[in-house]
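J.: Chains R and W, in that order, are what the protein sequence lines are.
Positions in the first sequence are counted from 1; adding 1 to them yields my numbering.
Positions in the second sequence are counted from 1; adding 1205 to them yields my numbering.
Backbone N, C-alpha and C define an ideal beta-carbon position, used for all residues, glycine too.
The structure displayed is predicted, hence computed values, not measured ones.
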Amino acid sequence: MFKPIRRLIGSLAAAAAIALPLATGAQAADDTIKVGILHSLSGTMAISETTLKDVMLMLIAEQNAKGGLLGKKLEPVVVDPASDWPTFAEKARELISQDHVAVVFGCWTSSSRKSVLPVFKELNSILFYPVQYEGQESERNVFYTGAAPNQQAIPAVDYLMSEDGGSVKRWVLEGTDYVYPRTTNKILEAYLISKGVKPEDIMINYTPFGFSDWQTEVSKIKAFGSAGKKTAVVSTINGDANVPFYKELGNQGIKATDIPVVAFSVGEEELAGLDAKPLVGHLAAWNYFESIDTPANKKFIADWHKFIGKDTRTTNDPMEAHYIGFNMWVKAVEKVGTTDADKVIDALPGITAPNLTGGVSEMLPNHHITKPVFIGEIRADGQFDVVWQTKGLVPGSPWSPYLPESKDLTADWVKLKCGNYNTVTKTCGGSS
Amino acid sequence: MADAASLTPAVGLKNSMRALRRLLPLIALALALFAAASGAARADAFSDALPGFAEDSFSATDTALKAVATSGNPQAKAVITALQNSALVFDPDSKAVFIKADDGTLLDPTTGKPAANPPSADNLQAVRLNNRIRGALDDALGALTLSSPDRATRLAAADTVFKSRQASAVPALKAAIAKETDPEVKRAMLDAEAAATITDTNAADADRVAAVNVIRDRADPDALALLTGLSSDPSQAVRDAAAAGVASIKNALAIWGVVQNLWYALSLGSVLLLAAIGLAITFGVMGVINMAHGEMVMLGAYTTFVVQAIIRAHAPWLFDWSLAIAIPLAFLVSGAVGVIIERGIIRFLYGRPLETLLATWGVSLILQQGVRTIFGPDNQQVGNPSWMSGAFQAGNITITYNRMWIIVFSFAVFILLLGVLRFTRFGLQTRAVTQNRSMASAMGIRTPWVDALTFGLGSGIAGIAGVALSQIDNVSPNLGQSYIIDSFMVVVFGGVGNLWGTLIAAMSLGVANKLLEPFAGAVLGKIVVLVFIILFIQKRPRGLFALKGRAVEA
Chain R
2 MFKPIRRLIG
12 SLAAAAAIAL
22 PLATGAQAAD
32 DTIKVGILHS
42 LSGTMAISET
52 TLKDVMLMLI
62 AEQNAKGGLL
72 GKKLEPVVVD
82 PASDWPTFAE
92 KARELISQDH
102 VAVVFGCWTS
112 SSRKSVLPVF
122 KELNSILFYP
132 VQYEGQESER
142 NVFYTGAAPN
152 QQAIPAVDYL
162 MSEDGGSVKR
172 WVLEGTDYVY
182 PRTTNKILEA
192 YLISKGVKPE
202 DIMINYTPFG
212 FSDWQTEVSK
222 IKAFGSAGKK
232 TAVVSTINGD
242 ANVPFYKELG
252 NQGIKATDIP
262 VVAFSVGEEE
272 LAGLDAKPLV
282 GHLAAWNYFE
292 SIDTPANKKF
302 IADWHKFIGK
312 DTRTTNDPME
322 AHYIGFNMWV
332 KAVEKVGTTD
342 ADKVIDALPG
352 ITAPNLTGGV
362 SEMLPNHHIT
372 KPVFIGEIRA
382 DGQFDVVWQT
392 KGLVPGSPWS
402 PYLPESKDLT
412 ADWVKLKCGN
422 YNTVTKTCGG
432 SS
Chain W
1206 MADAASLTPA
1216 VGLKNSMRAL
1226 RRLLPLIALA
1236 LALFAAASGA
1246 ARADAFSDAL
1256 PGFAEDSFSA
1266 TDTALKAVAT
1276 SGNPQAKAVI
1286 TALQNSALVF
1296 DPDSKAVFIK
1306 ADDGTLLDPT
1316 TGKPAANPPS
1326 ADNLQAVRLN
1336 NRIRGALDDA
1346 LGALTLSSPD
1356 RATRLAAADT
1366 VFKSRQASAV
1376 PALKAAIAKE
1386 TDPEVKRAML
1396 DAEAAATITD
1406 TNAADADRVA
1416 AVNVIRDRAD
1426 PDALALLTGL
1436 SSDPSQAVRD
1446 AAAAGVASIK
1456 NALAIWGVVQ
1466 NLWYALSLGS
1476 VLLLAAIGLA
1486 ITFGVMGVIN
1496 MAHGEMVMLG
1506 AYTTFVVQAI
1516 IRAHAPWLFD
1526 WSLAIAIPLA
1536 FLVSGAVGVI
1546 IERGIIRFLY
1556 GRPLETLLAT
1566 WGVSLILQQG
1576 VRTIFGPDNQ
1586 QVGNPSWMSG
1596 AFQAGNITIT
1606 YNRMWIIVFS
1616 FAVFILLLGV
1626 LRFTRFGLQT
1636 RAVTQNRSMA
1646 SAMGIRTPWV
1656 DALTFGLGSG
1666 IAGIAGVALS
1676 QIDNVSPNLG
1686 QSYIIDSFMV
1696 VVFGGVGNLW
1706 GTLIAAMSLG
1716 VANKLLEPFA
1726 GAVLGKIVVL
1736 VFIILFIQKR
1746 PRGLFALKGR
1756 AVEA
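Written out as structure tokens, the structure reads:
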């Protein structure tokens, strides 16, 4: 007797469950502009990406305090792709098709970016990618606010080859095994050979994500560095494998004055969990350091500490990249008066926004931005001392002139409407 | 009034003595002036160099540092030490340089006394350091501290001079060698002198060849580096001696390299042993495939983190004991969770291996998410006690303390387990149930209790493994995932029912992995080992040390 009633209640509940979110969803779409945040909050990359989610929440809250955008409030939509590259694509699709976000700020590893590219192309949305990467890419739907190799890797190697950097003659390229270190090391190897370094003076090693038994690798580095020439390590190790790597360097007594290590993916955030005293003097190359003393940076750090409620939380380069990217997106949307993807994509090149180190960054037609380059040495407190910097801002250039497959390519989404235009054959190359 | 007749020898002598006595003050004055002049010259070189620190350029600091180090001024060491400790400050407006003492007072670098008119502290900047300056500081201090009363300082100084090979340090070296009584320090100083002689192209060939032979006997990577650099030397004799030396050192280092690799293999094997031995016990006794085994390790690591957090907050002096305190706690925590899992879930799934696999997989996800909810998804910082940090040299191999203690610990755990299984009543019952469950039950052994306690024991051992692993790996909710595959590989390879099988399997896999890694790299090495195990269990499905007699039944 109760069965039909139970079934009725069940189907009513199901109908309500389906209808309610649709109703509220539709209502929400009218009142807010949704901003997608696609960063790993768990897994091997959480050590680096969690803080990027937090800074996006802060930027959105600050913009809402200024009155929002186009008269509407901004609503953050946070998902956790859990350091799993296929899940990145799944979550990106969810953000764009189901949550109807106007823009996505996300990704760290190049594997995650390559995984979401088809989704952004198919659904025509916008991705702001804040992390230094290997270049060899320029997509219409992506805006790269992190460093291209000519804004990080090449200047770092130049510094090490200079007298101040130690006049390094022998090189160990140590990376995690995925596309970013593989491509960057290809570029660096070609660059070093073009500068007269002999192939036997270059050693390239790869290790998997999350690698923790560094004894053999560090021992190999020590042995390679005992050939009588000054040796340095260029590290493209990503994620929490860096922690046991630096611990092993410290334990085996490799000092920065003997074999300096310059890292491209280690910043204040990754050092926060380490005892930095044995690492003093090792280097990192970025476009921003928390220790840089400008009024804009001081204000940003103060606002950040107030927002996150903890004075010990650090700021780093990818956070500055999100700061610049978010401000550029807001300006572009205000310029065209809509969040429509095509109009915003066309409006972004030429937009300028201040960075935190006293300069003004500009979005270029190749969807990269202008950034200063800083080389910093690790201090005992986990911060960086800037030991070298470029005089002005360096424009990002995605296609490396040191590799045969890319030296004739250029990207221009304003005049040529192409991300990989071949200047020799004068044709647009198709997929990168 | 002397005339030739009156200049007898005696008178001549008296006259000379009188003349000398009259000249004496003049001579003394000349000597004093000379000393003052050279002292002033030294002080001049020193004071001239000081403003270089105020230029805020690394090249200027480097030049000033080298000038100060070779000036011979007694204050040089104080200035150099201050620079190394970032206590050398300058006023950008007046270009005056000061040493900042520990209590904040500004000292005049030329005298070491408090400065006369110190500017306000806000205006002052510290002289910046980079790697190049730090290297130059080490070299400078090395030369200056060769006669320090502290043995460790003298040894470090000798090593620094060996690396820097400064010819200017040789006189100080010779003086120090003459006074040195400690054999190890004297050996280091003689090596340093030999290194300086080799790089001095003005020295005689015979001396340099003798120096090459001294360096050849040192037979370590630094010696190899030094002799390899001589391959383009102008002198034929030196080139030949260096080539012979390089060949001999390379041979010695190759042998040491094998020993070092075996050490790494031993440490990797011990880690595998610790992680897998709990699994071997539970799989051996009950045939249960426990996918939550990695999470037991993770719980042990988090227990260590909690213990350290409490110690840091309430009793920081106990930090070096934190691991000793964490071990029994981790055993209890993981063991308790293991018993709960067994009594709550696995008990109902005996004889159904697929369901057990799925159920324990689900438990592992629940445990991971539970830890993530309580502690957050980020890595937690577990500190190394002081006796676990650093390394020492045994011959030519580097032995890091953390790995050494983990090897000792894993063997201790292994022997303890052997003892428990061999000598306790519980161990006897466990062995009986492993060999023949139905017969053991017929003999009156309460198999459900044995199952629960065995699962608890296996999980507890995994917890202890987690304490050890927290010292060398990141502590995150995903810690278990890194070790579950390796644990299963060891158990499958080694066979069940025999702890010695687990030991042999763990060590063999460690050796195989580490022998492959220098040639094939870390990624390919792991792949090759996995393929080898797959092929191996085609031939021997039960593993290396399969249990003889009846098959293990659920």
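Starting from the Cα of residue 1326(W), find the closest Cα among 1226(W), 1509(W), 1503(W) and 1303(W) and give me that residue.
T.: As a first step, residue 1326(W) must be located in the second sequence, where it is residue number 121. Taking only the C-alpha atoms, the option nearest residue 1326(W) is 1303(W).
J.: Sorted by chain position, which residues of the same chain lie with C-beta nearer than 6 Å to residue 1406(W)'s C-beta, five sequence neighbours on each side aside?
T.: Locating residue 1406(W) in the second sequence gives position 201, where the first residue counts as 1. If we look at residue 1406(W) and ignore the five residues flanking it on each side, it has no Cβ neighbours.
J.: What does the Cβ neighbour count give for residue 1675(W), buried or exposed, with the cut at 16 atoms within 10 Å?
T.: Looking up residue 1675(W) in the second sequence gives position 470. Residue 1675(W) is buried by the Cβ-count criterion.
J.: Cβ of residue 117(R) within 7 Å of Cβ of residue 90(R)?
T.: One-based indexing of the first sequence puts residue 117(R) at position 116. One-based indexing of the first sequence puts residue 90(R) at position 89. Yes, the pair counts as a contact, with Cβ atoms nearer than the cut-off.
J.: Name the residues in the segment 266-284 of chain R whose C-beta lies less than 9 Å from a C-beta of chain W; which are they?
T.: Those would be 273, 274, 275, 276, 279, 281, 282, 283 and 284, in chain order.
J.: For residue 1412(W), which of 1548(W), 1350(W) and 1399(W) has the nearest alpha-carbon?
T.: Locating residue 1412(W) in the second sequence gives position 207, counting from the first residue. Nearest C-alpha to residue 1412(W): 1399(W).
J.: If distances are taken between C-alpha atoms only, which option among 1747(W), 1223(W), 1553(W) and 1718(W) comes closest to residue 1472(W)?
T.: Counted from its first residue, the second sequence places residue 1472(W) at position 267. Comparing Cα-Cα distances from residue 1472(W) to each of 1747(W), 1223(W), 1553(W) and 1718(W), the minimum goes to 1718(W).
J.: Do you know how far the Cα of residue 1734(W) is from the Cα of residue 269(R)?
T.: As a first step, residue 269(R) is located in the first sequence; it is residue number 268 there, counting from the start. As a first step, residue 1734(W) is located in the second sequence; it is residue number 529 there, counting from the start. If I take the Cα positions, the gap works out to 37 Å.
J.: If you measure between the beta carbons of residue 1728(W) and residue 87(R), is that distance less than 7 Å?
T.: For the purposes of this step, residue 1728(W) is identified with residue 523 of the second sequence, where counting begins at 1. For the purposes of this step, residue 87(R) is identified with residue 86 of the first sequence, where counting begins at 1. Contact flag unset, no.
J.: Would you kindly work out how many angstroms separate the C-alpha atoms of residue 1268(W) and residue 385(R), rounded to a whole number?
T.: In the second sequence, the residue the question calls residue 1268(W) occupies position 63. In the first sequence, the residue the question calls residue 385(R) occupies position 384. Roughly 24 Å between the two C-alpha positions.
J.: Of the residues that make up the segment 75-91 of chain R, which ones have a beta carbon closer than 8 Å to any beta carbon in chain W?
T.: Cβ contacts with chain W: none found.
J.: Would residue 1498(W) and residue 1477(W) qualify as a contact pair, given that the criterion is a beta-carbon distance under 7 Å?
T.: The count along the second sequence starts at 1 and reaches residue 1498(W) at position 293. The count along the second sequence starts at 1 and reaches residue 1477(W) at position 272. Not closer than 7 Å, so no.
J.: For residue 1605(W) and residue 219(R), what's the separation of their Cα atoms in angstroms?
T.: Within the second sequence, the letter at position 400 stands for residue 1605(W). Within the first sequence, the letter at position 218 stands for residue 219(R). Roughly 12 Å between the two C-alpha positions.
J.: What first and last residue would you give for the alpha helix (DSSP H) that runs through residue 1582(W)?
T.: Position 377 of the second sequence, counting from 1, holds the residue named residue 1582(W). Looking at the DSSP string, residue 1582(W) is not in any alpha helix (DSSP H), and its letter there is neither H nor E.
J.: What is the rounded straight-line gap between the Cα of residue 180(R) and the Cα of residue 237(R)?
T.: For the purposes of this step, residue 180(R) is taken as residue 179 along the first sequence, with counting starting at 1. For the purposes of this step, residue 237(R) is taken as residue 236 along the first sequence, with counting starting at 1. Cα to Cα, the separation comes out at about 11 Å.
J.: Given a cut-off of 7 Å, decide if residue 323(R) and residue 57(R) are closer than it, judged by their beta-carbon atoms.
T.: Taking the first residue of the first sequence as position 1, residue 57(R) is located at position 56. Taking the first residue of the first sequence as position 1, residue 323(R) is located at position 322. Closer than 7 Å, so yes.
J.: For residue 1335(W), go through chain R and note every residue whose CB falls closer than 7 Å to its CB, in chain order.
T.: Reading the second sequence from its first residue, position 130 is the one you call residue 1335(W). Those within 7 Å of residue 1335(W) in chain R are 165, 378 and 388.
J.: With contact counted as at least three CB pairs below 8 Å, one residue from each stretch, are the segment 289-301 of chain R and the segment 34-48 of chain R in contact?
T.: With the cut-off at 8 Å, the segment 289-301 of chain R and the segment 34-48 of chain R do not touch.
J.: Quick check on residue 39(R): does DSSP put it in helix, strand or coil?
T.: If you number the first sequence from 1, residue 39(R) lands on position 38. In the structure shown, residue 39(R) sits in a strand (DSSP, three-state: E or B).
J.: Identify the contact partners of residue 140(R) in chain W, using a Cβ-Cβ distance below 8 Å as the criterion.
T.: As a working mapping, residue 140(R) is identified with position 139 in the first sequence. Residues of chain W passing the Cβ test: none, with the nearest at roughly 29 Å.
J.: So, with DSSP's three-state summary, where would you put residue 238(R)?
T.: On the first sequence, position 237 is the one that residue 238(R) refers to. Coil.
J.: Residues in the same chain with beta-carbon distance under 8 Å from residue 51(R), minus the five sequence neighbours each way, listed in chain order, please.
T.: Position 50 of the first sequence, counting from 1, holds the residue named residue 51(R). Excluding positions up to five away in sequence, the list reads 40, 41 and 42.
J.: Determine the chain W residues that contact residue 53(R) at a beta-carbon separation under 7 Å, and present them in chain order.
T.: The count along the first sequence starts at 1 and reaches residue 53(R) at position 52. The contacting residues do not exist; residue 53(R) stays about 13 Å from chain W at best.
J.: Pick helix, strand or coil for residue 1532(W), following the three-state DSSP scheme.
T.: If you number the second sequence from 1, residue 1532(W) lands on position 327. DSSP places residue 1532(W) in helix when its eight states are reduced to three.
J.: Do residue 374(R) and residue 395(R) have their C-beta atoms within less than 7 Å of each other?
T.: Against the first sequence, residue 374(R) aligns to sequence position 373. Against the first sequence, residue 395(R) aligns to sequence position 394. It is a contact, given that the beta carbons lie within the stated cut-off.
J.: Taking 7 Å as the cut-off, decide whether the C-beta atoms of residue 1660(W) and residue 1547(W) are in contact.
T.: Reading the second sequence from its first residue, position 455 is the one you call residue 1660(W). Reading the second sequence from its first residue, position 342 is the one you call residue 1547(W). Taking 7 Å as the Cβ cut-off, residue 1660(W) and residue 1547(W) qualify as a contacting pair.
J.: Check residue 413(R) in the structure and name its three-state DSSP category.
T.: Reading the first sequence from its first residue, position 412 is the one you call residue 413(R). In the structure shown, residue 413(R) sits in a strand (DSSP, three-state: E or B).
J.: Look at the alpha carbon of residue 326(R) and the alpha carbon of residue 68(R), and state the distance between them as a whole number of angstroms.
T.: As a first step, residue 326(R) is located in the first sequence; it is residue number 325 there, counting from the start. As a first step, residue 68(R) is located in the first sequence; it is residue number 67 there, counting from the start. Whole-angstrom Cα-Cα distance: 19 Å.
J.: How big is the Cα-Cα spacing for residue 26(R) and residue 1504(W)?
T.: By one-based count along the first sequence, residue 26(R) stands at place 25. By one-based count along the second sequence, residue 1504(W) stands at place 299. The predicted model places residue 26(R) with a pLDDT of 46, which falls under 50 and marks its position as unreliable; any figure quoted below should be read in that light. Going from the Cα of residue 26(R) to the Cα of residue 1504(W) covers about 41 Å.
J.: Would residue 227(R) count as contacting chain W if we go by Cβ distances under 7 Å?
T.: If you number the first sequence from 1, residue 227(R) lands on position 226. Answer yes: the Cβ-Cβ gap between residue 227(R) and chain W drops below 7 Å somewhere.
J.: Quick one: residues in its chain with C-beta nearer than 6 Å to the C-beta of residue 280(R), no 5 flanking neighbours on either side, listed in chain order?
T.: For the purposes of this step, residue 280(R) is identified with residue 279 of the first sequence, where counting begins at 1. 247 and 379, listed in sequence order.
J.: Report all residues from its chain with a CB closer than 7 Å to the CB of residue 44(R); omit the five preceding and five following residues, and keep chain order.
T.: In the first sequence, residue 44(R) corresponds to position 43, counting from 1. Cβ neighbours of residue 44(R) beyond the five flanking positions: 83, 84 and 85.
J.: Nearest by alpha-carbon distance to residue 1298(W): which of 1261(W), 1276(W) and 1275(W) is it?
T.: Counted from its first residue, the second sequence places residue 1298(W) at position 93. Nearest of 1261(W), 1276(W) and 1275(W) to residue 1298(W), Cα basis: 1261(W).
J.: Name, in chain order, the residues that DSSP records as bridge partners for residue 380(R).
T.: By one-based count along the first sequence, residue 380(R) stands at place 379. Bridge partners of residue 380(R): none, in fact.
J.: Tell me which residues of the segment 1245-1269 of chain W have at least one Cβ-Cβ distance to chain R shorter than 7 Å, keeping chain order.
T.: So the close ones are 1263.
J.: According to the neighbour-count rule (16 or more other Cβ atoms, all chains shown, within 10 Å of its Cβ), is residue 310(R) buried or exposed?
T.: In the first sequence, the residue the question calls residue 310(R) occupies position 309. Residue 310(R) is exposed by the Cβ-count criterion.
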